[in-house]
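Take any residue in the sequence shown, note its place counting from 1, add 97, and you have its number in this note's numbering.
All C-beta atoms, glycine included, are put in the ideal place defined by N, C-alpha and C.
These numbers were taken from a predicted model, which means no experiment stands behind them.
What follows is a set of notes on a single structure, which appears directly below.
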Amino acid sequence: MTTAPDTSARAAASSPGPAVRALPAVVDPASWRDRAARHAERAEAFSAGFRARRLAGRTHEVDDFLFTYYPHKPSHLRRWHPGAGAVLADGAGDERAGWRWYAADDSAGRPPGVRVDASAYLAARGSTASFVERILGRTAARPGRFSCFGLHEWAMVYRVGPGEQRHERLPLRLGSTATDAVVEAHRLSCTHIDAFRFFTPEAVPRNALAPTRETQPDLEQPGCLHAGMDVYKWATKLGPLVPGELLLDAFELARDIRSLDMRASPYDVSGLGLEAVRIEEPSGKARYAAEQRAFAERSNVLRARILDELAHARRAAAAGL
Numbered sequence: 098m099t100t101a102p103d104t105s106a107r108a109a110a111s112s113p114g115p116a117v118r119a120l121p122a123v124v125d126p127a128s129w130r131d132r133a134a135r136h137a138e139r140a141e142a143f144s145a146g147f148r149a150r151r152l153a154g155r156t157h158e159v160d161d162f163l164f165t166y167y168p169h170k171p172s173h174l175r176r177w178h179p180g181a182g183a184v185l186a187d188g189a190g191d192e193r194a195g196w197r198w199y200a201a202d203d204s205a206g207r208p209p210g211v212r213v214d215a216s217a218y219l220a221a222r223g224s225t226a227s228f229v230e231r232i233l234g235r236t237a238a239r240p241g242r243f244s245c246f247g248l249h250e251w252a253m254v255y256r257v258g259p260g261e262q263r264h265e266r267l268p269l270r271l272g273s274t275a276t277d278a279v280v281e282a283h284r285l286s287c288t289h290i291d292a293f294r295f296f297t298p299e300a301v302p303r304n305a306l307a308p309t310r311e312t313q314p315d316l317e318q319p320g321c322l323h324a325g326m327d328v329y330k331w332a333t334k335l336g337p338l339v340p341g342e343l344l345l346d347a348f349e350l351a352r353d354i355r356s357l358d359m360r361a362s363p364y365d366v367s368g369l370g371l372e373a374v375r376i377e378e379p380s381g382k383a384r385y386a387a388e389q390r391a392f393a394e395r396s397n398v399l400r401a402r403i404l405d406e407l408a409h410a411r412r413a414a415a416a417g418l
């Protein structure tokens with residue numbers, strides 16, 4: 098059963114969206130095959146390092162994160178989808194005709210085409226789509242907060258004992274005692290459950306908030322680095338309703354955010370070729386907040402694009418597509 102859209106969340110997301118697109122939209126074979134090929138090339142470039150390290154039995158604390166933390170395999174990232182309402186002319190003989198959530202369509206005449214079955218997808222996963230719609234809309238509607246300075250990573254190693262550090266291969270840049278002192282000299286204000294849940298027991302009561310899974314839609318805000326990375330996660334949750342180009346844009350944002358996340362962390366990442374953002378110093382705080390603001394802007398652009406694609410998918414489903 099398709100869950101009704103969260104119209105209040107979408108309305109709160111801000112400005113009017115793009116013009117309503119025609120349904121169905123027939124895409125000629127040359128165009129969609131070119132888009133699919135370019136998508137595959139871009140996706141393979143994103144995952145090349147991870148795939149090579151995996152074969153060699155090596156890891157990278159920064160670059161592997163998106164493939165180990167989020168359950169979206171490189172092979173899935175490589176798959177291009179056109180989004181809802183697009184009929185891929187002469188696509189019935191393509192491998193994607195056998196993919197889940199695809200259906201044959203003769204809107205383009207003969208030979209038949211293929212399209213994403215938005216109606217079937219939303220009927221089966223309407224509750225997920227509505228949750229994604231709600232959390233993206235509400236997050237985008239809130240002002241960003243830019244005073245946390247990435248201290249969530251520091252709270253994850255606060256007063257840890259030997260062998261308890263999350264990234265054991267990376268040394269602490271300041272050492273344990275000085276790292277603890279940085280935490281104690283600041284007010285923790287993490288709003289994100291999936292960062293907060295990794296706080297050490299000693300760090301938990303130092304946080305101004307106590308995020309939970311239930312309060313996540315009420316606390317997420319665009320200044321949060323982890324909320325920005327999660328735009329990629331929410332895009333994957335919508336499967337073929339999200340065009341491949343948009344999915345990879347979200348992946349690229351998450352990749353860039355992860356770099357800042359670790360550069361501003363208590364870990365010494367110089368061995369990975371990264372320069373530390375020293376958030377314990379005023380200049381480091383200013384640099385962190387500036388990058389954080391830029392990521393907030395990028396993430397809200399992507400939130401709006403995903404919300405528009407979801408609204409388009411609902412229109413396609415209503416039209417029986």
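Open item on the list: Using the three-state DSSP reduction, which class does V301 fall into: helix, strand or coil?
Closed with: By one-based count along the sequence shown, residue 301 stands at place 204. In this structure, V301 counts as helix in the three-state DSSP scheme.
Open item on the list: Going by DSSP in three states, V328 sits in which element: helix, strand or coil?
Closed with: For the purposes of this step, residue 328 is taken as the residue at position 231 of the sequence shown. DSSP places V328 in helix when its eight states are reduced to three.
TODO: Select from R412, D161, R270, D405 the residue whose C-alpha is nearest the C-alpha of G234.
DONE: Taking the sequence shown and counting its residues from 1, the one referred to as residue 234 is at position 137. That would be D405, whose Cα lies nearest to the Cα of G234.
TODO: Flag this pair as yes or no: are the beta carbons of I376 and A361 separated by less than 8 Å?
DONE: In the sequence shown, counting from the first residue as 1, residue 376 sits at position 279. In the sequence shown, counting from the first residue as 1, residue 361 sits at position 264. Yes. Within cutoff.
- [ ] Answer with buried or exposed for F164, where buried requires no fewer than 16 other C-beta atoms within 10 angstroms of its C-beta.
- [x] Here residue 164 refers to the residue found at position 67 of the sequence shown. Around the beta carbon of F164, a 10 Å sphere encloses 16 or more other beta carbons of the protein chains shown; the residue is thus reported as buried.
Open item on the list: Using the Cβ count rule (16 or more neighbours within 10 Å means buried), how would you classify G325?
Closed with: For the purposes of this step, residue 325 is taken as the residue at position 228 of the sequence shown. Buried is the label assigned to G325, since at least 16 other Cβ atoms lie within 10 Å of its Cβ.
Task: D187 (DSSP reduced to helix, strand or coil) - done: Taking the first residue of the sequence shown as position 1, residue 187 is located at position 90. The DSSP-derived three-state label of D187 is coil.
Task: Candidates E138, P121, R193, A149, of which the one nearest G206 by Cα - done: Position 109 of the sequence shown holds residue 206. Measuring from the Cα of G206, the nearest candidate turns out to be P121.
Task: Runs of alpha helix (DSSP H) wholly within the segment 144-217 (minimum 4 residues, chain order) - done: Unbroken alpha helix (DSSP H) stretches of 4 residues or longer found wholly inside the segment 144-217: 162-165, 171-174, given in chain order.
Task: Under the three-state DSSP convention, the category Y364 falls into - done: As a position in the sequence shown, residue 364 is number 267, starting the count at 1. In the structure shown, Y364 falls within a strand segment according to DSSP collapsed to helix, strand and coil.
TODO: Using the Cα positions of L83 and A200, report the straight-line distance between them to the nearest angstrom.
DONE: With the chain running from 98 to 418 in the structure shown, residue 83 is simply not present.
Task: Helix, strand or coil at L306 according to DSSP, with G and I counted as helix - done: For the purposes of this step, residue 306 is taken as residue 209 along the sequence shown, with counting starting at 1. Reduced to three states, the DSSP call for L306 is coil.
- [ ] Measure the beta-carbon distance from L185 to F143 and round it to whole angstroms, keeping in mind my assumption that it falls under 8 Å.
- [x] Here the question's residue 185 lines up with position 88 in the sequence shown. Here the question's residue 143 lines up with position 46 in the sequence shown. Contact between L185 and F143 does not hold, since the beta-carbon distance rounds to 24 Å and is not under 8 Å.
Open item on the list: What does the Cβ neighbour count give for A415, buried or exposed, with the cut at 16 atoms within 10 Å?
Closed with: Here residue 415 is taken as the residue at index 318 of the sequence shown, counted from 1. By the Cβ neighbour-count rule, A415 is exposed, with fewer than 16 other Cβ atoms within 10 Å of its own.
Task: Nearest residue (CA-CA) to P168, options W331, F295, H178, I403 - done: Translated into positions along the sequence shown, residue 168 becomes position 71. For the residues W331, F295, H178, I403, the minimum Cα distance to P168 belongs to W331.
TODO: State the DSSP-derived secondary structure class of A116, mapped to helix, strand or coil.
DONE: Counted from its first residue, the sequence shown places residue 116 at position 19. Residue state, collapsed to three classes: coil.
TODO: Return the CA-CA distance between V254 and L357, expressed in angstroms with no decimal places.
DONE: By 1-based counting over the sequence shown, the position of residue 254 is 157. By 1-based counting over the sequence shown, the position of residue 357 is 260. Separation of V254 and L357 (C-alpha to C-alpha, rounded to the nearest whole angstrom) is 18 Å.
Task: Short Cβ contact (8 Å threshold) for R256 with D277 - done: Looking up residue 256 in the sequence shown gives position 159. Looking up residue 277 in the sequence shown gives position 180. The answer is yes: Cβ separation under 8 Å.
- [ ] May I have the straight-line CA-CA distance separating G190 from A413, to the nearest angstrom?
- [x] Translated into the one-based positions of the sequence shown, residue 190 becomes position 93. Translated into the one-based positions of the sequence shown, residue 413 becomes position 316. The straight-line gap from Cα to Cα measures roughly 23 Å.
TODO: For T312, count neighbouring Cβ atoms within 10 angstroms of its own Cβ and tell me buried if that reaches 16, exposed if not.
DONE: Residue mapping note: residue 312 aligns to position 215 of the sequence shown, counting from 1. Exposed, by the Cβ-count rule.
Task: Which residues DSSP lists as bridging V123, in chain order - done: As a first step, residue 123 is located in the sequence shown; it is residue number 26 there, counting from the start. Paired residues: V184.
Task: Proximity of P179 and V124 at Cβ, strictly below 8 Å - done: If you number the sequence shown from 1, residue 179 lands on position 82. If you number the sequence shown from 1, residue 124 lands on position 27. Cβ distance < 8 Å, so P179 and V124 count as in contact.
Open item on the list: Check this for me: beta carbons of L285 and L248, under 8 Å apart or not?
Closed with: Counted from its first residue, the sequence shown places residue 285 at position 188. Counted from its first residue, the sequence shown places residue 248 at position 151. Contact: yes.
Task: Under the three-state DSSP convention, the category A106 falls into - done: Mapped onto the sequence shown, residue 106 falls at position 9. Reliability of the predicted coordinates at A106 is poor, the pLDDT of 45 falling under 50, and no value is obtained from them.
TODO: May I ask you to report which of helix, strand or coil DSSP gives L345?
DONE: Taking the first residue of the sequence shown as 1, we reach residue 345 at position 248. Secondary structure of L345 (DSSP, three-state): helix.
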